[in-house]
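Below is one structure, written out as structure tokens, with a few remarks after it.
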Amino acid sequence: MARGKVATDAGEREKLEWPHDWPPPWRAERLLGHEAAEQTLLAAHRSARLHHAWLIAGPRGIGKATLAWRFARFLLCGQQQDALFGGPSDSLDVAADAPGRSLIEARSHPDLFHLRRTLNDTGRLRAEIAVDDVRQLGGFMHMTPAMGQWRVAIVDSADEMNRNSANAVLKILEEPPPNAVLLIVTHTPGRLLPTIRSRCRRLSLQPLSDAVVGDLLDRHAPGTSADERTALARLAEGSIGRALELSGAGSLELYGEMVAVLATLPDLDMPRLHGFAERFARRGEEANAAWRSLNFLFDGWLKSLARQAAVGGEGVAVVPAERGLQARLLAAASLDRWIEAWEKVAHLLSRADAVNLDRKQTVLGSFLALQSAMR
1078 MARGKVATDA GEREKLEWPH DWPPPWRAER LLGHEAAEQT LLAAHRSARL
1128 HHAWLIAGPR GIGKATLAWR FARFLLCGQQ QDALFGGPSD SLDVAADAPG
1178 RSLIEARSHP DLFHLRRTLN DTGRLRAEIA VDDVRQLGGF MHMTPAMGQW
1228 RVAIVDSADE MNRNSANAVL KILEEPPPNA VLLIVTHTPG RLLPTIRSRC
1278 RRLSLQPLSD AVVGDLLDRH APGTSADERT ALARLAEGSI GRALELSGAG
1328 SLELYGEMVA VLATLPDLDM PRLHGFAERF ARRGEEANAA WRSLNFLFDG
1378 WLKSLARQAA VGGEGVAVVP AERGLQARLL AAASLDRWIE AWEKVAHLLS
1428 RADAVNLDRK QTVLGSFLAL QSAMR
């Protein structure tokens, strides 16, 4: 579905919320790379002193929401499973035919609340989580469980709350009801209200290893080759969500073209640069996906440059033209100059989206900012 299209039924509404080809967190079957975090949740549950609110933090796309949904499924469906097998579970896995599981996957379980951006009066997804939706959550949390012992709410993600909705969530945290658990997903916990952070038990997830990202790519993007999976895992910085997005946007080719232009610094090959920038002058969903990929890849490459300057050594080359490139550029200008150039590029790219600047000119200006760092 095109971005901005009005949702007319439940399927289209879900597509607005989850515009990807791989399963959404509420239907994800497995979670790799976060076994220690799962054991932390299990241990808290077994202690009979389960904290009423958890802040599940970490970079975007590494499985935070999937972990939240697995724990919600365990709390709402796993208790009957424990009773059936006569002992506590050693994982958050829940049988496919467990009572209530299908309701959770449909997000219609009476003891589950999913706080996220909802649709506005015109049927489009809101830019923020609305305070009225948080007030509904407050009422839900104080109700008696309908099907079991717990009521569970998932906030995904807290980064999308405005100040009013954040204050409404804080009020719920200040008066926690019994037998209710709030699972708050956040990509940038430092931006949350300190009073929200202080009332939650924090569970920090780390980026996934390249091996795990490669395994998940093999499962969810089977058309990619082993070499492509290796390259995508390196570019995605431990985020399977990002790796899957990159795999569907022609990003490896885009990255190769970007590095080829960078390799002509300090005397930029202007015809090549204009040809590269021209692809972003187009509009449409495919062009938008390429633009989002460029934003991530360009920023990631500059972060890698700064990291190499700080710790030394040579970064891993994703494409052949990258070998020795960063070392050559760092020898030509100080780290301070590169940091300043990185800030200029980040500002240009963010301004392009914020005020709808010409994308081609933005790309040209970004590369010229790097050229200026070397002069």
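Be aware that the sequence shown starts at 1078, since it is given in the working numbering, and climbs by one per residue.
Ideal placement from N, C-alpha and C gives every residue a C-beta, glycine not left out.
Here serine 1443 is buried, its C-beta having at least 16 other C-beta atoms within 10 Å.
Around leucine 1196, the same chain offers Ala1084, Arg1090, Leu1093, Leu1202 and Arg1203 as residues with beta carbons nearer than 8 Å, after the five sequence neighbours per side are excluded. Per the C-alpha coordinates, the member of Gly1215, Ala1125, Met1347 and Ala1173 positioned closest to asparagine 1244 is Gly1215.
Burial is judged here by how many other beta carbons sit within 10 angstroms of a residue's own beta carbon; leucine 1331 has at least 16 and is buried. Judged by DSSP secondary structure, valine 1262 falls within the beta strand (DSSP E) whose first and last residues are 1257 to 1263.
Collapsing the DSSP output to three states places methionine 1224 in coil. With respect to the 8 Å criterion, leucine 1280 and isoleucine 1181 are not classified as neighbours on the basis of their beta carbons. Contact between aspartate 1188 and methionine 1238 fails: their C-beta atoms lie close to 23 Å from each other, not under 8 Å.
Secondary structure at histidine 1191: strand, using DSSP grouped into helix, strand and coil. Distance between proline 1254 and histidine 1191, taken at the CA atoms: about 17 Å. Cβ neighbours of arginine 1194 within its own chain (closer than 7 Å, five residues either side excluded): Leu1202, Arg1203, Glu1205, Ile1206 and Glu1237. Taking the Cα of leucine 1109 as reference, the smallest distance to any Cα among Asn1256, Leu1293 and Ser1168 is reached at Leu1293. Restricting attention to Asp1287, Phe1353, Gln1226 and Gly1318, the CA atom closest to the CA of alanine 1303 is found in Asp1287.
Burial check for glutamine 1403: the Cβ neighbour count within 10 Å reaches 16 or more, so the residue is buried. The bridge partners DSSP lists for tryptophan 1131 are Leu1260 and Arg1278. Contact between the region 1258 to 1270 and the region 1297 to 1317 is absent: fewer than three C-beta pairs spanning the two stretches fall below 8 Å. In this structure, Glu1314 is the residue among Ser1275, Arg1184 and Glu1314 with its C-alpha nearest to the C-alpha of valine 1290. For isoleucine 1181, the three-state secondary structure derived from DSSP is helix.
Taking the Cα of arginine 1349 as reference, the smallest distance to any Cα among Val1432, Leu1434 and Leu1441 is reached at Leu1441.
Inclusion of alanine 1423 and aspartate 1376 in the CB contact set at 8 Å is warranted, their separation being smaller than that value. The beta-carbon distance between leucine 1342 and leucine 1412, rounded to whole angstroms, is 16 Å. This is too long to meet the 8 Å contact definition.
Counting of Cβ neighbours within 10 angstroms places proline 1102 among the buried residues, the total reaching 16 or more. With a cut-off of 8 Å on Cβ pairs, the region 1386 to 1404 is not in contact with the region 1421 to 1438, counting fewer than three such pairs. At the C-beta level, valine 1393 and arginine 1311 come within 8 Å of one another.
Ranked by Cα distance from isoleucine 1273, the first of Glu1417, Ser1242, Gly1135 and Arg1126 is Ser1242. Note: leucine 1119 is not bridge-paired with any residue in the DSSP secondary-structure output. With 16 or more other CB atoms across the displayed protein chains lying within 10 angstroms of its CB, glycine 1177 is buried.
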